[in-house]
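**Student:** This is the structure I have questions about; it appears just below.
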Amino acid sequence: MNSTGTPTRRASSRPRSDATPRGSVADEPGVTSRKLPWLRPIRSLPVGASSDRTAGVISVAMAPDVSTNRSLPLCRAGPSGYPSPEEPSMTDTPPSRPPRPTTLEIDLDAAAANVRAVRQLVGPERKIFAVIKADGYGHGAAEMGTVFVANGADALGVADLAEGIRLRRRGITCPILVYPNSLPEAAPIALAHGLVPTLVDLEGARAYAEAAAGPCDVFVKIDVGLERLGVPAEQAVKVITAMLELPHLRLAGLCAHPHAPVGGDPAYAEWQLGRFTAVVDELAARGVRVPTRLLAASPFVLRFPQTYLNAVDPGRMLYGITFPGETSPVPLRPTLRALTTRVIALKELAPRERFAELAPFPVTAPMRLGVIPIGSADGLSWLHAGRVLVRGRAAPIVSGPSLEHTRIDLTEVPDARVGDGVVIIGRQGDAEITAAEVAKRHGLGLHHVATTVGPRVARVYLSGGVVVKTG
């Protein structure tokens with residue numbers, strides 16, 4: 435274990451050829467079926483090799499690589515087995531100022547505290563699948579996933595197969611559950627990267643059965659009330675039974691995404707819980723064990739402890755996000771610290787004497803205009819409160835963001851200079867613009883604020899108040 439909480443590699447006793455990437459699928463603690471190092475098996479899942487198709491080990495056997503007709507292990511311990519260049523770990527990357535002075539500041543200490551708070555809430559015996567979908571809710575999936583796993587999460591959850599592949603290439607080795615978001619034809623590449631798929635129909639199940647060359651653990655999603663993805667609860671037992679008749683597939687778990695309106699009737703939550711557990715119970719009566727039972731996302735983790743079962747998959751609460759009307763039973767801290775930029779230009783404007791009616795915005799008195807390097811291409815149309823902070827004072831946004839730039843009125847900040855820091859979301863001196871204010875202005879959920887920040891805006895990660903990485 436290194437200083438960042440990332441497990442270190444153990445040397446394999448088996449010679450390794452360049453044609454065989456390192457694996458991380460566990461048959462027993464410490465080794466894989468190919469006697470290669472397993473870095474961190476998921477907590478409390480059985481780890482003995484077994485022919486039981488519901489054994490629940492998060493592992494998949496070898497699958498053919500169609501491009502080279504060779505076998506690839508389906509999980510790996512690091513990036514060395516893939517052609518993409520190995521990316522440095524968080525602490526290996528020296529922090530530097532992004533060339534474009536527009537940044538989203540992210541508090542890693544808050545992320546660590548939040549996942550520890552969830553652990554305190556759900557207890558040591560339940561598994562935590564930390565959800566880092568939508569690129570870690572806009573914060574950076576690899577960076578947030580690293581912190582969550584180092585601070586108690588057992589596995590990660592993503593909704594984009596490509597995101598799961600990127601995590602593997604970044605060296606993330608823990609189990610990664612991929613929620614349904616791809617076509618059946620993607621089964622071979624999912625298995626080649628050691629990702630645990632979530633099935634919603636027999637067509638997808640057949641694709642994974644055909645792609646796997648040996649035991650392949652899968653989750654099945656049940657629709658208990660959200661009316662989106664998942665096998666309808668009333669059909670689930672029949673469909674799951676048919677899935678398990680296919681070769682190679684083993685049931686590692688069931689999951690659901692409940693519908694949880696804020697302030698909703700607790701009886702609605704109980705009804706959805708009952709639909710889920712009824713499937714589990716009927717499968718058990720038929721001799722089918724469900725190793726992992728995953729129902730409680732953030733709204734249920736916050737309100738309904740009876741829904742925790744033996745695993746939870748919190749998302750937004752790990753980022754310190756609660757909705758108006760929600761109360762957290764444990765302290766949570768926002769991970770989004772600030773959205774900032776800097777003044778890149780200043781000019782003095784006088785009222786126009788000609789074509790005033792065609793001006794991009796009215797100037798009826800002398801104005802001191804500033805320009806900042808962030809615009810609608812970065813999501814700013816949905817990310818501002820109508821003003822920014824410069825030298826601790828409010829500066830109105832003039833005429834709305836353009837594609838790359840935004841004008842601000844600095845008339846009331848006469849001492850502002852080129853290079854001054856500008857806060858779009860966050861605190862500056864005694865003044866503050868909160869993410870909640872921005873979300874309310876634009877009718878967004880608070881969890882949509884960071885996801886709206888475009889990828890060109892550099893993510894800056896802080897720990898102990900010090901920048902530890904930019905990305």
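Taken in order, the sequence shown gives residues 435 to 905; the numbers are from the numbering used here. We put the CB at the ideal spot given by N, CA and C, even for glycine.
If we ignore side chains and look at the alpha-carbon of each, how far apart do ARG776 and PRO535 end up?
**Tutor:** In the sequence shown, the residue the question calls residue 776 occupies position 342. In the sequence shown, the residue the question calls residue 535 occupies position 101. Looking at the two C-alpha atoms, the distance is approximately 6 Å.
**Student:** Please go through the same chain and pick out, in chain order, the residues whose beta-carbon is closer than 7 Å to the beta-carbon of ARG640, but skip the five residues on each side of it.
**Tutor:** Position 206 of the sequence shown, counted from the first residue, corresponds to residue 640. The residues are LEU680.
**Student:** Could you check which residue in TYR642, VAL634, LEU792 has the C-alpha nearest to that of VAL654?
**Tutor:** Here residue 654 refers to the residue found at position 220 of the sequence shown. Answer by Cα proximity: VAL634.
**Student:** Answer with buried or exposed for LYS903, where buried requires no fewer than 16 other C-beta atoms within 10 angstroms of its C-beta.
**Tutor:** Within the sequence shown, numbered from 1, the residue matching residue 903 stands at position 469. Burial call: buried.
**Student:** At a cut of 8 Å, does the stretch 545-565 reach the stretch 785-796 through at least three beta carbon pairs?
**Tutor:** The stretch 545-565 vs the stretch 785-796: no contact.
**Student:** Would you kindly work out how many angstroms separate the C-alpha atoms of TYR642 and THR632, rounded to a whole number?
**Tutor:** On the sequence shown, position 208 is the one that residue 642 refers to. On the sequence shown, position 198 is the one that residue 632 refers to. Straight-line Cα distance between these residues: approximately 10 Å.
**Student:** Looking only at DSSP bridge pairs, what is GLU866 linked to?
**Tutor:** Along the sequence shown, one-based indexing puts residue 866 at 432. Answer is ARG861, bridged to GLU866.
**Student:** Can you tell me where the beta strand (DSSP E) holding GLY905 begins and where it ends?
**Tutor:** Walking along the sequence shown from the start, residue 905 turns up at place 471. Unbroken run through GLY905: none, as it is neither H nor E.
**Student:** Drop a sphere of 10 angstroms on the beta-carbon of GLY898, count the other beta-carbons inside from all chains shown, and report buried for 16 or more, exposed for fewer.
**Tutor:** Reading the sequence shown from its first residue, position 464 is the one you call residue 898. It is exposed - the Cβ of GLY898 has fewer than 16 other Cβ atoms within 10 Å.
**Student:** Quick one: what does DSSP say ASP588 is sitting in, helix, strand or coil?
**Tutor:** For the purposes of this step, residue 588 is taken as residue 154 along the sequence shown, with counting starting at 1. Coil, per DSSP.
**Student:** If you follow the beta strand (DSSP E) that ILE806 is in, where does it begin and where does it stop?
**Tutor:** As a first step, residue 806 is located in the sequence shown; it is residue number 372 there, counting from the start. Taken as a continuous stretch (DSSP letters only), the beta strand (DSSP E) holding ILE806 covers 801-806.
**Student:** Counting C-beta neighbours from all protein chains within 10 Å, is the total for ASP526 16 or more, i.e. buried, or is it exposed?
**Tutor:** As a working note, residue 526 is residue 92 in the sequence shown. Below a pLDDT of 50, predicted positions are generally treated as unreliable, and ASP526, at 45, falls in that range; the measurement from the model is reported next regardless. The residue in question, ASP526, is exposed, as its Cβ has fewer than 16 Cβ neighbours within 10 Å.
**Student:** Among ALA620, ALA584, ASN585, which one has its Cα closest to the Cα of GLY598?
**Tutor:** Position 164 of the sequence shown, counted from the start, is the residue given in the question as residue 598. The residue with the shortest Cα to Cα distance from GLY598 is ALA620.
**Student:** Who are the near neighbours of ARG750 in its chain, counting only those whose CB is closer than 6 Å to its CB and skipping five residues on each side?
**Tutor:** Position 316 of the sequence shown, counted from the start, is the residue given in the question as residue 750. Same-chain partners within the cutoff: SER732, HIS881.
**Student:** Could you tell me whether the stretch 776-785 touches the stretch 806-820, using the rule of 3 or more Cβ pairs below 8 Å?
**Tutor:** Taking 8 Å as the limit for Cβ pairs, the verdict is that the stretch 806-820 does touch the stretch 776-785.
**Student:** So is THR761 buried or exposed if we call it buried at 16+ other beta carbons inside 10 Å?
**Tutor:** The residue given as residue 761 occupies position 327 in the sequence shown. Answer is exposed; the Cβ neighbour count stays below 16.
**Student:** Compute the beta-carbon to beta-carbon distance between VAL612 and LEU625, rounded to the nearest angstrom, for a pair I have assumed lies under 8 Å.
**Tutor:** Stepping through the sequence shown from its first residue, residue 612 is reached at position 178. Stepping through the sequence shown from its first residue, residue 625 is reached at position 191. About 11 Å separates the two Cβ atoms, so there is no contact after all.
**Student:** Note down the Cα distance separating ALA546 from PRO848, rounded to an integer number of angstroms.
**Tutor:** The residue labelled residue 546 in the question sits at position 112 within the sequence shown. The residue labelled residue 848 in the question sits at position 414 within the sequence shown. The alpha-carbon atoms of ALA546 and PRO848 are separated by roughly 41 Å.
**Student:** Quick check on the burial criterion: 16 or more other C-beta atoms within 10 angstroms. Buried or exposed for GLY860?
**Tutor:** Here the question's residue 860 lines up with position 426 in the sequence shown. Looking at its Cβ environment, which holds 16 or more other Cβ atoms inside 10 Å, GLY860 is buried.
**Student:** How many whole angstroms separate the CB atoms of LEU685 and ALA551, which I take to be in contact at a CB cut-off of 8 Å?
**Tutor:** Here residue 685 refers to the residue found at position 251 of the sequence shown. Here residue 551 refers to the residue found at position 117 of the sequence shown. That belief does not hold up - the Cβ atoms of LEU685 and ALA551 are roughly 31 Å apart, past 8 Å.
**Student:** Please report the residue range of the beta strand (DSSP E) in which GLU539 lies.
**Tutor:** Here the question's residue 539 lines up with position 105 in the sequence shown. Looking at the DSSP string, the run of the beta strand (DSSP E) that includes GLU539 is 537-541.
**Student:** Should ILE606 and GLY579 be called a contact, given that it needs their Cβ atoms to be closer than 8 Å?
**Tutor:** Residue numbering aside, residue 606 sits at position 172 when the sequence shown is read from its first letter. Residue numbering aside, residue 579 sits at position 145 when the sequence shown is read from its first letter. Yes, the Cβ-Cβ distance between ILE606 and GLY579 is below 8 Å.
**Student:** Is it buried or exposed, GLY853, if we count other Cβ atoms within 10 angstroms and call 16 or more buried?
**Tutor:** Here residue 853 refers to the residue found at position 419 of the sequence shown. By the neighbour-count rule (16 or more Cβ atoms within 10 Å), GLY853 is not buried but exposed.
**Student:** Do you know whose CA, among VAL824, ARG827, GLY834, ALA829, lies nearest LEU817's CA?
**Tutor:** Numbered from 1 along the sequence shown, position 383 holds the residue referred to as residue 817. Minimum Cα distance to LEU817 is reached at GLY834.
**Student:** Name the DSSP beta bridge partners of ARG821, please?
**Tutor:** The sequence position of residue 821 within the sequence shown is 387, counting from 1. PRO830.
**Student:** Closest to VAL764 by CA distance: which of ALA596, LEU783, PRO695, PRO739 is it?
**Tutor:** By one-based count along the sequence shown, residue 764 stands at place 330. Minimum Cα distance to VAL764 is reached at PRO739.
**Student:** So the candidates are VAL714, GLY698, ALA690; which of them puts its Cα closest to the Cα of THR675?
**Tutor:** For this step, residue 675 is matched to residue 241 along the sequence shown. It is VAL714.
**Student:** Could you check whether LEU823 and VAL856 sit closer than 8 Å to each other, using their CB atoms as the reference points?
**Tutor:** One-based indexing of the sequence shown puts residue 856 at position 422. One-based indexing of the sequence shown puts residue 823 at position 389. Yes, the Cβ-Cβ distance between VAL856 and LEU823 is below 8 Å.
**Student:** Using only CA atoms, which one of VAL581, ILE610, GLY586 lies nearest to ALA593?
**Tutor:** Locating residue 593 in the sequence shown gives position 159, where the first residue counts as 1. Per the Cα distances, ILE610.
**Student:** Using only alpha-carbon positions, find the residue among ALA869, HIS691, PRO794 that is nearest to ALA745.
**Tutor:** Here the question's residue 745 lines up with position 311 in the sequence shown. Checked all of ALA869, HIS691, PRO794; the closest Cα to ALA745 is HIS691.
**Student:** List the endpoints of the continuous beta strand (DSSP E) containing PHE563.
**Tutor:** Stepping through the sequence shown from its first residue, residue 563 is reached at position 129. Its beta strand (DSSP E) spans residues 561-565.
**Student:** Can you tell me which of GLY863, ALA793, ARG893, ARG720 puts its alpha carbon nearest to the alpha carbon of LEU770?
**Tutor:** Numbered from 1 along the sequence shown, position 336 holds the residue referred to as residue 770. Cα-wise, what sits closest to LEU770 is ARG893.
**Student:** If we ignore side chains and look at the alpha-carbon of each, how far apart do ILE623 and HIS693 end up?
**Tutor:** Translated into the one-based positions of the sequence shown, residue 623 becomes position 189. Translated into the one-based positions of the sequence shown, residue 693 becomes position 259. Between ILE623 and HIS693, the C-alpha separation is close to 31 Å.
**Student:** Could you tell me which of THR537, ARG553, PRO785 sits nearest to ALA911, measuring between CA atoms?
**Tutor:** Outside the shown range of the chain, which is 435 to 905, sits residue 911, and nothing can be said about it.
**Student:** Cα separation between HIS839 and SER810?
**Tutor:** Mapped onto the sequence shown, residue 839 falls at position 405. Mapped onto the sequence shown, residue 810 falls at position 376. The straight-line gap from Cα to Cα measures roughly 8 Å.
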